[in-house]
Ligand SMILES: Cc1ncc(COP(=O)(O)O)c(C=O)c1O
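Numbering (my numbering), first residue to last: 59 to 508.
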């Protein structure tokens, strides 16, 4: 590896970074991470911090998960790649599909279509939803409904159902036939409703209204994250997703759960759908399925959707979709090891316990800092702190101030993620109570510094 001078000199010069202005990466070079251990990362200057971002919501088991590393190394030696396109498969992916069927049995999801990551899993679900209706004799069902503030990756399909203009405007025109309803976000919503339960009902009514307006027979699917993540960690009231399920059922609209960050324990339950007691028609998974060590994902499919395809005799159910890396044996081996560690460590239980502590600590910060407008969490290890320059008017914080909070918190030993006015926390699920306290203390110092 080149020395640190070389790395700093060439930082961001010959590559573009996702989700940032190229000039900004040059003016404010990104942190160069060169190592990691447990829940900590080390930068090029040897500074070690707790990673309260958890990689990017994916390193649930931390950076030192030996069984997953060993599984990857072993698989690379035995079979580093083989395709799963028609007529071939590999042993690792067969084993994984068997294990995923068990893991997702309670959610009613029994088939997997493998992908290379979250955006691919979303794209797959959207395509299969349209095809499902064609197979079932309703070819007019082609539209998609989703939530404002939702995040569903960055393919054109995903961006089209995305609920944040930052990921859409520059890339328009997007896919036609995608419509959005208000998110159940009590801090800011068009109804000025702060009561989460009443707001959930208003949003559900908006969904019904949109379905009536579009015509149920034109809609393929509604997609939502069980807890909205990148949009600023927005947990809906517990009544919301069951109500959405009931509305979808009544209108023969498929419910796609985007579980890219919520599957595998993050909410304190094994899946986000299980957290709310809902069975989706499809679920998109990725990220923690391999602990972030290998790019991998899947779209999980329910029995009823699967049977419509499998029993088709017309030929309409032939799948014209797939990726070179669908069912990659190294990813599959990593996922098999990851599932075993995830279950052995019962990371869902730790996520619930540490998540409650983190949420309580952040509420303490709200009591001490006027800068904190809203604190969201209470459902496992995913929390957000929304900063405002004025609490009464809820004016979003400016970029410079939140950057200072970020910088000081980092110097105090914790990496956090800034997204607009939000500080988003999604640490590894193997975090200790002491490390949870350290995150709150470092953020306290960050907030004190402005
Ligand atoms: C809920 C959700 N869906 C989809 C995606 C896209 O996943 P990927 O970045 O792996 O394509 C993300 C990524 O953060 C996500 O949070």
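Ideal placement from N, C-alpha and C gives every residue a C-beta, glycine not left out.
Inter-residue distance for residue 179 and residue 352 is about 15 angstroms (C-alpha atoms, whole angstroms). In the three-state reduction of the DSSP assignment, residue 405 falls in the helix class, which pools H, G and I. With a cutoff of 8 angstroms, residue 114 counts as near ligand 1, since its C-beta is closer than that to a heavy atom of the ligand. Annotation for residue 381: 173, 174 and 178 place their beta carbon closer than 7 angstroms to its own, counting only its chain and skipping 5 residues before and after.
Linking residue 311 to residue 359 through their CA atoms gives a straight-line distance of about 15 angstroms. By the rule of a C-beta closer than 7 angstroms to any heavy atom of ligand 1, the residues picked out are 114, 115, 175, 176, 177, 178, 180, 209, 210, 211, 212, 216, 283, 287, 288, 316, 318, 319, 342, 344, 345 and 355. The three-state secondary structure of residue 114, taken from DSSP, is helix. Residue environment: residue 158 is assigned as buried (16 or more neighbouring CB atoms within 10 Å of its CB, all protein chains considered).
Within the stretch 272–320, the runs of alpha helix (DSSP H) at least 4 residues long that lie entirely inside it are, in chain order, 298–308.
The criterion of a C-beta distance shorter than 9 angstroms is not satisfied by residue 452 and residue 176. One alpha carbon belongs to residue 354, the other to residue 313, and they sit about 23 angstroms apart. Counting C-beta pairs closer than 8 angstroms gives fewer than three between the stretch 283–291 and the stretch 367–376, which falls short of the contact rule. For residue 167, the enclosing beta strand (DSSP E) covers residues 167–173.
Judged by DSSP secondary structure, residue 448 falls within the beta strand (DSSP E) whose first and last residues are 441–448. Setting aside the 5 residues that flank it on each side, residue 388 is surrounded in the same chain by 130, 133, 134, 138 and 352, each with a C-beta closer than 7 angstroms to its C-beta; the list follows chain order. The beta strand (DSSP E) runs lying completely inside the stretch 383–439 and spanning 3 residues or more are 430–434, given in chain order.
The DSSP-derived three-state label of residue 454 is strand.
In this chain, residue 128 is not harboured by any beta strand (DSSP E); it is covered by the alpha helix (DSSP H) spanning 124–136. Between the alpha carbons of residue 362 and residue 339 lies a distance of about 8 angstroms.
Boundaries of the alpha helix (DSSP H) harbouring residue 63: 62–68, taken from the DSSP string. By the beta-carbon neighbour count (other beta carbons within 10 angstroms, threshold 16), residue 328 is buried. Put simply, the stretch 200–208 touches the stretch 230–238. At least three CB pairs are less than 8 angstroms apart.
Residue 98 holds the alpha-carbon nearest to the alpha-carbon of residue 493 among 93, 83, 80 and 98. In this structure, residue 459 sits away from residue 506, with a CB-CB distance that is not shorter than 9 angstroms.
Between residue 296 and residue 166 a beta carbon distance of about 19 angstroms is seen, past the 8 angstroms cut, so the two are scored as non-contacting.
Taken through DSSP and simplified to helix, strand or coil, residue 232 comes out as coil.
For the pair residue 153 and residue 390, the CB atoms are nearer than the 9 angstroms cut-off. Under the DSSP assignment, residue 107 falls in the beta strand (DSSP E) whose first and last residues are 106–109. Taking all protein chains in view, the Cβ of residue 425 is surrounded by fewer than 16 other Cβ atoms within 10 Å, so the residue is classified as exposed.
When rounded, the separation of the alpha-carbon atoms in residue 221 and residue 64 is 40 angstroms. The C-alpha of residue 357 is placed about 17 angstroms away from the C-alpha of residue 332.
The bridge partners DSSP lists for residue 202 are 236 and 279. Residue pairing of residue 349 in beta bridges, as defined by DSSP: absent, with no partner found.
Beta-bridge analysis with DSSP links residue 331 to no other residue. Counting other Cβ atoms within 10 Å of its Cβ, residue 449 stays below 16 and is therefore classed as exposed.
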